[in-house]
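Some notes on the structure that comes next.
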Amino acid sequence: MSFFQHICDPIFTPRGIMSSIHLRIIGLMRSHTVAEEYEHLPPEEAKKRLFSLALKMDANGDKYVDKKELIDWVLKSFKSLTEEEAMDEMEDEDENDDGKVTWEEHVSETYGMYGDDLVVNQTPEDMEMLENDRELFKAADVNGNGVLEKSEYSGFSHPEELEHMHQVVYEQAMRKRDKNKDGFLSFEEFIADNYGSSPVTTTEHFAIEKDRFINDLDLNGDHKLSREEVLIWLIPNNVDTAKNEVAHLIKSSDTDGDGKLSIQEIVDHHDIFVGSEATDFGEQLQHQKYKDEL
0 MSFFQHICDP IFTPRGIMSS IHLRIIGLMR SHTVAEEYEH LPPEEAKKRL FSLALKMDAN
60 GDKYVDKKEL IDWVLKSFKS LTEEEAMDEM EDEDENDDGK VTWEEHVSET YGMYGDDLVV
120 NQTPEDMEML ENDRELFKAA DVNGNGVLEK SEYSGFSHPE ELEHMHQVVY EQAMRKRDKN
180 KDGFLSFEEF IADNYGSSPV TTTEHFAIEK DRFINDLDLN GDHKLSREEV LIWLIPNNVD
240 TAKNEVAHLI KSSDTDGDGK LSIQEIVDHH DIFVGSEATD FGEQLQHQKY KDEL
């Protein structure tokens, strides 16, 4: 699914508001693959691996992981996760395995279109998505050579994560949702589906989104979202997300109440750190070892 398809979704949620348990696992492990494996390990093996991981979090080697070390670890993890996801997607789109993705390769893999199919017998919705993807592709192509290299592809696949892509993300969202073209998003425009219809006002979804609009996004209380406020909605605040999750982890695992976590406290509370009963990543992947770069 392209990023434009995501922002057209009336229940679009940036990665920064993911399930905290899901985030906890992949954030600490710095890899979806390792996180999936970890969830299915026997308890003793899981503790052993978490012990090794905790030692890596302990940047100053004092046998404790303090708030700053844990926040730094999770923030660095976001970058690793973005790169991992981008490389997985790039591998799918790079049909000739030359380490680059052309526009034609992207369209072929994502939309199943070739040659004349790009302009013939396409619905207005298809053409809109194609044009928005083309804008993102061009913005991500920093060196302007017409293809996306490994260093550029994450800007295309995860534009919300890279600052030089934010203006395009904003413009596309406004073009889709700002129906009266006043440069702001009203609540009605914010919550409307792809056809301009709002959900029934008595639904839980409506109530949740109304609360989020008023209390989290409309900072100045003028009943509409400015550019800054729209970007708060579209762009995940990784720092706040990391701080909130770290606060939860320390509160739940700091047995002696000293405001930091010993290696043993982390191991003793391994269930808090992975929450395996509450998250299902699907089938167990093949067993594999941690790598030094984690």
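For the sequence shown, numbering that gives the first Met the number 0 assigns the number 0 to the initial residue and increments by one for each residue that follows.
Glycine residues also receive a C-beta, built at the ideal position from the N, C-alpha and C atoms.
Simplified DSSP state of residue i, which is helix, strand or coil
i, result
"V64", "strand"
"S197", "coil"
"V146", "strand"
"S185", "strand"
"L224", "strand"
"T101", "strand"
"G281", "With a pLDDT of only 25 at G281, under 50, the local geometry of the prediction cannot be trusted, and no value is derived from it."
"L69", "helix"
"L49", "helix"
"L161", "coil"
"L260", "strand"
"M112", "coil"
"S19", "Note that S19 has pLDDT 43, beneath the 50 cutoff, so the model's placement of it is unreliable and no number is given."
"V167", "helix"
"V266", "helix"
"D255", "coil"
"T202", "coil"
"N59", "coil"
Residue from the options with nearest C-alpha to residue i
i, options, result
"K66", "H269, T254, H247, I271", "H247"
"T240", "L74, K46, P41, R48", "L74"
"D132", "M164, P198, E83", "M164"
"K242", "V106, P41, D71", "D71"
"L233", "D267, N214, Y169, N144", "Y169"
"K99", "Q121, M112, A85, H39", "A85"
"F299", "E88, G258, F77", "Because the chain spans 0 through 293 in this model, residue 299 falls outside it and cannot be assessed."
"I303", "K55, H39, L40, P41", "One cannot answer for residue 303 here, as it falls past the ends of the chain, which runs 0 to 293."
"N193", "P123, T201, E108", "P123"
"D215", "T201, G195, K137, N236", "N236"
Integer Cβ distance of residue i from residue j, believed to fall under 8 Å
i, j, result
"V167", "E188", "The Cβ separation is near 19 Å, so there is no contact."
"E160", "S153", "7 Å"
"D57", "I262", "7 Å"
"E208", "I190", "5 Å"
"E108", "D125", "Contact flag wrong, Cβ pair sits at about 15 Å."
"E227", "D217", "So it is not a contact: roughly 11 Å between Cβ atoms."
"T201", "V146", "Actually they do not touch by this definition, with Cβ atoms about 50 Å apart."
Distance, residue j Cα to residue i Cα
i, j, result
"L52", "A139", "34 Å"
"E296", "S79", "The question about residue 296 has no answer here: the residues shown for the chain are numbered 0 through 293."
"R23", "E244", "Caution is warranted here: a pLDDT of 47 is assigned to R23, below 50, making its placement in the model unreliable, and the coordinate value is therefore given only provisionally. Taking the straight line from one Cα to the other gives about 7 Å."
"M173", "V199", "23 Å"
"N142", "S150", "10 Å"
"L230", "N219", "14 Å"
"F47", "V238", "What sits at residue 47 in the sequence shown is Lys, not Phe. Cα to Cα, the separation comes out at about 29 Å."
"D97", "E104", "11 Å"
"D210", "D270", "32 Å"
"L49", "P42", "10 Å"
"M128", "R176", "14 Å"
"K259", "D267", "14 Å"
"E82", "E36", "19 Å"
"L69", "G111", "43 Å"
"K137", "D93", "17 Å"
"D253", "P158", "37 Å"
"A45", "I249", "19 Å"
"N144", "H39", "44 Å"
"G195", "D257", "52 Å"
"N59", "S251", "23 Å"
"N179", "V106", "31 Å"
"Q171", "D255", "50 Å"
"A206", "V64", "39 Å"
Proximity test, residue i beta-carbon vs the ligand COA heavy atom, cut-off 7 Å
i, result
"E208", "Of ligands this structure carries none, so the ligand COA is not represented either."
Cutoff 8 Å: residue i Cβ touching any chain D Cβ
i, result
"V64", "Included in the structure is just one protein chain, with no chain D present."
Say whether the segment 223–235 touches the segment 170–190, bearing in mind that this needs 3 or more beta-carbon pairs closer than 8 Å, one atom from each stretch. Because the criterion of three Cβ pairs below 8 Å is met, the segment 223–235 and the segment 170–190 touch.
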